[in-house]
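In my numbering, the protein residues as written are 267 to 699.
Where a beta carbon is used, it is the ideal one built from N, C-alpha and C, also for glycine.
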Ligand code: ADP
Ligand code: ZN
């Protein structure tokens, strides 16, 4: 199912032409209506006339999160506030929130983008979608909501929290799809199992999960636990919210809606584009947004892009799973560690629950690196030898994947906090500023 076949399956050359026309327009809009962008371009000796095609994008200066903070709250708006019909703010995972504003047209671009995502995972007007992302300033809830209405589906606007009621209504209303963070999906799966309601009584078939990094093994875990197909949806507040792209039924990468959100991958050190297919930092330019256009916004998300046509027929560029944000990367005893690597090891071992907490500290000038895990009831034992063997197994695997040895702490069942939104997997007690 393809929502906008003309765009999603457009020949690459034609797409680049369209992107070029739109880039020129958005650069003019930003330059003449936002002092911030005008000043930055002038500093580089650039004017909108220097932009002729999409290839010229590399001439433009980058925008970073700090720029949004420095211009807080409305300094990057490119239209009068009377044109802004909605405000959102990021959840502030990494500091002070940033504020974004949408015109009426921006909201319709957003729901168009989410509509494409929903069709890509096989949902239509016949389906009820339970939206269990938080509603409010966070873009998750209202973002998905707009898309479900756009395709004419039935939206169940649950928001997050109240887990028992989530399950009851999912059951009673016959939700076909669930949209939430992968962490919350895991938690819902666990709670359904405990509720004793037979899984066959649910009509749930499809999961639309995102807003935080998750691994392939986490996908399998969720698919198994809820008896569904689980798809990745990606987005960020600064660019529009959820729905910048999503997987299709092939589950071979996340298609990005590049007629609206132009992606580039750069080397975060040299700031130069990487070779096609190589990993690096994802950068977006909004090609159509009116309220708060973003020019070459550095997301800090690490991934790679692939331009070959997909098995689903779409030509829209595909992005690999996000490895993590560069800000999420821990440097422990000089070694780079991503929480996603730790997750992949834990989920690969049947003995452990798919929940974990990484605790890092510095004692006597040495980094300590502890990973807390829960053992599944089937594997639980009072025998010290068995516990030691389990610890040894996971320690060795971590060592071989990460390159350093963690201290494994086996904690009581259910003692690692379950998340209803974005999970917190790391506590870093080092004061490293
Ligand atoms: P905050 O920056 O406060 O978390 P957002 O809700 O805008 O606010 O979060 C956007 C970020 O969430 C992205 O830049 C990315 O790091 C992460 N994210 C969103 N969707 C996904 C996904 N599908 N996979 C991995 N990370 C994701
Ligand atoms: Zn596809």
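Among residues of its own chain, excluding the 5 on either side of residue i, which ones have a beta-carbon nearer than 7 angstroms to its beta-carbon?
{"i": "residue 467", "result": "437"}
{"i": "residue 614", "result": "483"}
{"i": "residue 338", "result": "365"}
In three-state DSSP terms, what is residue i?
{"i": "residue 559", "result": "coil"}
{"i": "residue 324", "result": "helix"}
{"i": "residue 499", "result": "strand"}
{"i": "residue 543", "result": "coil"}
{"i": "residue 491", "result": "helix"}
{"i": "residue 508", "result": "strand"}
{"i": "residue 593", "result": "helix"}
{"i": "residue 438", "result": "helix"}
Could you tell me the boundaries of the beta strand (DSSP E) in which residue i lies?
{"i": "residue 769", "result": "Nothing can be reported for residue 769, as the shown portion of the chain is limited to 267 through 699."}
{"i": "residue 581", "result": "Premise fails: residue 581 is in no beta strand (DSSP E) and is neither H nor E."}
{"i": "residue 530", "result": "527 to 532"}
{"i": "residue 477", "result": "Looking at the DSSP string, residue 477 is not in any beta strand (DSSP E), and its letter there is neither H nor E."}
{"i": "residue 625", "result": "618 to 629"}
{"i": "residue 520", "result": "520 to 522"}
Spell out whether any CB of chain C is found under 8 angstroms from the CB atom of residue i.
{"i": "residue 417", "result": "Of the chains in the structure shown, none is chain C; there is only one protein chain."}
Using the Cα positions of residue i and residue j, report the straight-line distance between them to the nearest angstrom.
{"i": "residue 678", "j": "residue 554", "result": "51 angstroms"}
{"i": "residue 284", "j": "residue 378", "result": "17 angstroms"}
{"i": "residue 644", "j": "residue 617", "result": "8 angstroms"}
{"i": "residue 399", "j": "residue 323", "result": "34 angstroms"}
{"i": "residue 685", "j": "residue 489", "result": "18 angstroms"}
{"i": "residue 543", "j": "residue 528", "result": "16 angstroms"}
{"i": "residue 626", "j": "residue 454", "result": "29 angstroms"}
{"i": "residue 295", "j": "residue 308", "result": "15 angstroms"}
{"i": "residue 551", "j": "residue 449", "result": "29 angstroms"}
{"i": "residue 401", "j": "residue 311", "result": "43 angstroms"}
{"i": "residue 396", "j": "residue 521", "result": "23 angstroms"}
Excluding the 5 residues flanking residue i on each side, which residues of the same chain have their C-beta closer than 6 angstroms to its C-beta?
{"i": "residue 420", "result": "394"}
{"i": "residue 699", "result": "Below a pLDDT of 50, predicted positions are generally treated as unreliable, and residue 699, at 49, falls in that range; the measurement from the model is reported next regardless. For residue 699, where only same-chain residues beyond five positions count, there are no Cβ hits under 6 angstroms."}
{"i": "residue 675", "result": "636 and 638"}
Taking residue i as part of the alpha helix (DSSP H), name the residues at either end of that continuous run.
{"i": "residue 461", "result": "448 to 461"}
{"i": "residue 468", "result": "Taken as a continuous stretch (DSSP letters only), residue 468 belongs to no alpha helix (DSSP H), as it is neither H nor E."}
{"i": "residue 372", "result": "370 to 386"}
{"i": "residue 272", "result": "271 to 274"}
{"i": "residue 331", "result": "331 to 336"}
{"i": "residue 352", "result": "No alpha helix (DSSP H) contains residue 352, which is instead part of the beta strand (DSSP E) from 350 to 355."}
Could you round the C-beta distance between residue i and residue j to whole angstroms and report it? I think they count as a contact, below 8 angstroms.
{"i": "residue 638", "j": "residue 672", "result": "Actually they do not touch by this definition, with Cβ atoms about 10 angstroms apart."}
{"i": "residue 566", "j": "residue 593", "result": "6 angstroms"}
{"i": "residue 472", "j": "residue 387", "result": "6 angstroms"}
{"i": "residue 409", "j": "residue 507", "result": "4 angstroms"}
Considering only residues of the same chain and omitting the five flanking positions on each side of residue i, which have a CB-CB separation below 8 angstroms?
{"i": "residue 433", "result": "454, 457, 458, 461 and 463"}
Does the beta carbon of residue i fall short of 7 angstroms from some heavy atom of the ligand SAM?
{"i": "residue 688", "result": "Among the ligands in the structure shown, the ligand SAM does not appear; only the ligand ADP and the ligand ZN can be found there."}
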